[in-house]
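A.B. asks:
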Amino acid sequence: MQIRKLEQESFHEYRDELIEVYEEVYDGQLNDPFFSSETYWSRLTAYATRNGFRAVAGKVDETLVGYALGYTLPAESRWWQGLRSAVDAKALVETGTRTFALNEIMVRKRWRRRGIARQLHDALIEEASEERATLLVLPDNVAAKAAYRSWGWQMIGELQPFDDAPVYDSMILDLTESQQDGDAGGGQGMRRAGQRG
Ligand SMILES: CC(C)(COP(=O)(O)OP(=O)(O)OC[C@H]1O[C@@H](n2cnc3c(N)ncnc32)[C@H](O)[C@@H]1OP(=O)(O)O)[C@@H](O)C(=O)NCCC(=O)NCCS
Numbered sequence: 001m002q003i004r005k006l007e008q009e010s011f012h013e014y015r016d017e018l019i020e021v022y023e024e025v026y027d028g029q030l031n032d033p034f035f036s037s038e039t040y041w042s043r044l045t046a047y048a049t050r051n052g053f054r055a056v057a058g059k060v061d062e063t064l065v066g067y068a069l070g071y072t073l074p075a076e077s078r079w080w081q082g083l084r085s086a087v088d089a090k091a092l093v094e095t096g097t098r099t100f101a102l103n104e105i106m107v108r109k110r111w112r113r114r115g116i117a118r119q120l121h122d123a124l125i126e127e128a129s130e131e132r133a134t135l136l137v138l139p140d141n142v143a144a145k146a147a148y149r150s151w152g153w154q155m156i157g158e159l160q161p162f163d164d165a166p167v168y169d170s171m172i173l174d175l176t177e178s179q180q181d182g183d184a185g186g187g188q189g190m191r192r193a194g195q196r197g
């Protein structure tokens, strides 16, 4: 698989490929307005306007097999407003440089369990300067939750991002440990999933 970065400036050019993968992956949910392809694309294009937006795609030959993307939460982010669990207020402070939000990661069905999501995840956070990353995952998403846990992510609480959205599990990944390891000579490789125990 080849991993390539999708440039923020020309992100709209990838629409058809990205939607094709999305429609395969979220096949059974597309009739739900929140998960419709149109709503999804609106969300992606909004993410793509954000500071710190990064997206990576995995291709095998000419087939897009998966992708991952996210952006840096701004200082005035309302990300944590939907949190339904009691959490130390200090954990909810955003500075504009503190937290990378991993918005999407998906792999086509026939390409799963080959470490592709892990490679996409690693490629996305490899260059992160943020001190932590966060994501939302549906509580019954066994595969994704198992993946995140094995990559070092931890549960922070339940969060409903919008009124019409489901209640998700909110997870967090500490990136400072790997940054310190990098400073000490561990290098970027220390950020990679699977090396987090
Ligand atoms: C979650 C998803 C991205 C994982 O993609 P993948 O390429 O299969 O993941 P990897 O091969 O890198 O697997 C990494 C680890 O995740 C865990 N995992 C992945 N699929 C799993 C499953 N079906 N059941 C249990 N654990 C699973 C395993 O620990 C796995 O490591 P292992 O294969 O060495 O045991 C993929 O299942 C997917 O696209 N799901 C639909 C979209 C989605 O739910 N995205 C996340 C939204 S929050």
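Under full-length UniProt numbering, the sequence shown has 167 at position 167, and the numbering climbs by one with no breaks.
For glycine and all other residues, C-beta sits at the position ideal for the given N, C-alpha and C.
#1: Taking DSSP's pairing of strands, which residues face G58 in a bridge?
#2: Can you give me the C-alpha to C-alpha distance between R108 and E17, rounded to a whole angstrom?
#3: To the nearest angstrom, how far is the alpha carbon of E7 from that of T49?
#4: Who pairs with D169 in a beta bridge, going by DSSP?
#5: Round the Cβ separation of L175 and A128 to the nearest angstrom and send it over; I've been treating them as touching at under 8 Å.
#6: Taking the continuous beta strand (DSSP E) assigned at A86, which residues delimit it?
#7: Grab me the residues of Y148's own chain with a C-beta within less than 6 Å of its C-beta, minus the 5 sequence neighbours each way, in chain order.
#8: Which one or two residues does DSSP pair with A101 in a beta bridge?
#9: Tell me whether I105 counts as near ligand 1, meaning its Cβ is closer than 6 Å to at least one heavy atom of that ligand.
C.D. replies: A quick look at the data gives this:
#1: The secondary-structure analysis by DSSP pairs G58 across a beta bridge with I3 and G66.
#2: Straight-line Cα distance between these residues: approximately 12 Å.
#3: Pairing E7 with T49, the inter-Cα distance amounts to about 11 Å.
#4: Bridge partners of D169 according to DSSP: V137 and E158.
#5: Contact flag correct, Cβ pair sits at about 6 Å.
#6: Premise fails: A86 is in no beta strand (DSSP E) and is neither H nor E.
#7: Around Y148, the same chain offers M171 as residues with beta carbons nearer than 6 Å, after the five sequence neighbours per side are excluded.
#8: Looking at the DSSP assignment, A101 forms a beta bridge with Y71 and T134.
#9: Checking every heavy atom of ligand 1 against the Cβ of I105, one is found closer than 6 Å.
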